[in-house]
Structure formats: C-alpha cells, structure tokens
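As structure tokens, the structure follows; a few thoughts come after it.
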Ligand code: ZN
Ligand code: ZN
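See below:
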C-alpha cells in the first residue's frame, strides 16, 4: 500500500498542495494500509509533497500501526496524560509546514476536533478540500485492487446463487437475508452493507430494510447484497419473481433489463462519463413510459467504500479513466405494487468496459 506514496505526492504537487492531512477512514487505508477506528484520540497522517510523511498516533496504537504502515512513515506517538498537541507540532515542523502552507483536508470526513488541532499546530496555514484529489487517485484501481474486487464479486455471486436455490414462497424476508449473510460469512467474507431482501410492495422501496413479510406468489423480490474482500467491496442486485408476474411487472422487468444493458454498453464507449451512462440507461426507461419511476442515479463507484466517486449521474462530465469501477443499477419502482432493479459492477478497460458481475440477468422464478 505504501508503494502509493510517490503517486500521491506527485498529485499533491500537481494540485498545488504542500501537504495532505488524513484521519482514520478509507483514505488512511488507501494511503497507509491502516484500518483504524475513528476514535476520540487524535490520529493523523501528514503527507508532504516531498519527503517522509508523518503519522501522529496514540501511544497505545503505535506498535500495531507501525507494524502495518512500515518504514515509509515517521511516527509521533503521544500519551493520554500529555495529549496530542506536542506530537502534532513536531510532525508539522518535520514535514516542513508552517505559516502560509496549503494543506488538503477531507471535508466530508475530518471532524471538528481534528481540524481544530491542525489549525492550532499550523497558525496562518490555509486548509483546502482534498476530496477531488483523493477521488481522482482512488478512482483508478491498480491490479491488486481489481483482484480484490473480483474476489468480492465472486463471493457475492456464488452466495447469491446458493441462497436463491434455498428460497421458497412463505419464507420471511429477514430469514432470506440471513441465509445470504450466513453464506457470505461462511465464505470467509463480511457483508459490505446490510443485505436487502425486499418482496412485493416492499420491492418498490429502494432503501427497504428486510422485515417480517413472507414471500408470496406474484411478488417481485429484490436481492441487494455486497461483500468485502481485503477492504474492497462488491455490490450486486438481482430481482426474482415468485411463481408468476403480472403483465405490467414483466414489462417493467424487461425495461430495466434493457436499461442495464444500455448503461453497460455506454460505459464501453470511448470517453464515457457518469452522465453519458446515466443518460443511456435513463433514456430506455423514459421511452418505455416509466421515467418518473426511476428515482435514483444510475450508479456509484465501488472500492474501499461501497459508495465513492465516480457517481453515474447527470452532471458527472469527466471522462472515466481506465481502472474506474462503478455500478450500473437502473430500477423502476411502482409504489404499492413492486419494483425491479438490476445492478452490475463494471470496470473501464483499455478497449471498453467489462462487467465484473456475470450472474444471469434474465428473469428467474422462485417456486
Ligand atoms: Zn446494491
Ligand atoms: Zn449499489
């Protein structure tokens, strides 16, 4: 993971930043391979545009952190009785920062006490949002990251297949979700988020929490799950029918299927953007007369976070780089009746795009 440092420092210089300050979370994992809980003891990596980065760390975490992040960092441990102030001040000085320095911080992740500590250690410095820089770096997955996502996809697809063969009408949503999650854990992985099984009218709610409803004949059942392998997530949705479907839900299913294919095809075009993929998928559903029932963006990036850039949505106009991984997940939701969503994980390749998910997309029936 620390092999990334030269790359990150080059990006800092290109963005005109003197340093990047990162706190526990997925950016710290990206930067240093560290999976740390965002606790109340100050932990902060300071990476200058040139030279050795500093890691301010609670004394009780020092050994574990140093064993993972290695010699790439210089460590500044602090104890509970002295507090983090001195350690941070020394880290700031040793990384060559001072009055007038421009420091990138994570606007949506860093907490107030962390920013205040930095401001105190660096009076007269300027703090700017490093979110775009971090997004640009993390969007392009290297071979090891792609391998991890591929394995996370294999696990989620194998466990979905295994689960669906055991599902019958009369089972409760929560028991089905449980079956799936147990299969994920048995495969040695963790669910990437709360596994969703949404049946009948519940399938019309894209954010349904699996509950007590029993699957019954005529239901559409949305299965949405993901898993994490070595920190990297997969995310898949397939919609099944119990017994039979109404004519309308069958039409809706075929529209979503066509929209999913159109989105994946648009991703394979040279210069594809989040906006072009969203438009391609959305157009199919609009032309089919269900535009107002496709109530969310077409997709989101996947990686260390289940939702990260790039977002597949109108206004997302930057061409997607080779190595970008994201979902294509159009859906139609008819309130009180049912919904359909088909979600794939896609990567931009040298000559187009590849769907990492290969689970059959055609409608399948649960008996
Ligand atoms: Zn999903
Ligand atoms: Zn998703």
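In the working numbering, the protein residues as written are 783 to 1149. By construction, the Cβ of each residue, glycine as well, lies at the ideal position given by its N, Cα and C atoms.
Consult DSSP for residue i and reduce its assignment to one of helix, strand or coil.
i	result
residue 1082	strand
residue 1005	strand
residue 783	Residue confidence is low: residue 783 scores 46 on pLDDT, short of 50, so the model does not pin down where it sits. Its coordinate-derived value is still stated next. Coil at residue 783, not helix or strand.
residue 1141	coil
residue 967	helix
residue 1059	helix
residue 908	strand
residue 953	coil
Within its chain, find whatever has a CB closer than 6 Å to the CB of residue i; leave out the 5 residues flanking it on each side and keep chain order.
i	result
residue 840	823
residue 805	826, 892, 896
residue 996	952, 954
residue 834	856
residue 909	885, 887
residue 1130	1102, 1104, 1106
Within the present structure, is the beta-carbon of residue i separated from the nearest heavy atom of ligand 3 by less than 8 Å?
i	result
residue 1060	Ligand 3 is absent from the structure shown, which contains only ligand 1 and ligand 2.
Roughly how many angstroms separate the alpha carbons of residue i and residue j, rounded to a whole number?
i	j	result
residue 940	residue 1009	11 Å
residue 1003	residue 1149	12 Å
residue 999	residue 987	19 Å
residue 985	residue 869	52 Å
residue 875	residue 858	12 Å
residue 1061	residue 1019	20 Å
residue 795	residue 831	6 Å
residue 1084	residue 1091	8 Å
residue 949	residue 927	33 Å
residue 924	residue 785	11 Å
residue 1054	residue 1041	16 Å
residue 865	residue 899	11 Å
residue 1025	residue 1058	37 Å
residue 890	residue 810	14 Å
residue 1017	residue 1049	17 Å
residue 816	residue 1014	14 Å
residue 1127	residue 982	25 Å
Excluding the 5 residues flanking residue i on each side, which residues of the same chain have their C-beta closer than 8 Å to its C-beta?
i	result
residue 945	958, 961, 962, 965, 1005
residue 1033	1070
residue 1038	1021, 1067, 1112, 1113, 1114, 1122, 1123, 1124
residue 905	881
Excluding the 5 residues preceding and the 5 following residue i in the sequence, name in chain order all residues of the same chain whose CB lies nearer than 7 Å to its CB.
i	result
residue 1011	930, 933, 934, 937, 971
residue 975	1008, 1088
residue 1145	1023, 1035
residue 808	1086, 1087
Would you say residue i faces chain D, with C-beta separation under 9 Å as the test?
i	result
residue 797	Any reference to chain D falls outside this structure, which holds one protein chain only.
If residue i and residue j are in contact, beta carbons under 8 Å, what's the gap, nearest whole angstrom?
i	j	result
residue 1078	residue 1113	7 Å
residue 919	residue 1094	That pair is no contact at about 19 Å.
residue 942	residue 1108	Contact flag wrong, Cβ pair sits at about 20 Å.
residue 907	residue 872	The pair is not a contact, with the Cβ atoms about 16 Å apart (cut-off 8 Å).
residue 1135	residue 1046	7 Å
residue 894	residue 860	In fact, because the Cβ distance is near 19 Å, the residues do not count as touching under 8 Å.
Checklist entry - Who sits around ligand 2, taking every residue whose Cβ is closer than 5 Å to one of its heavy atoms? => result Cβ-based neighbours of ligand 2 within the cut-off: 1017, 1109.
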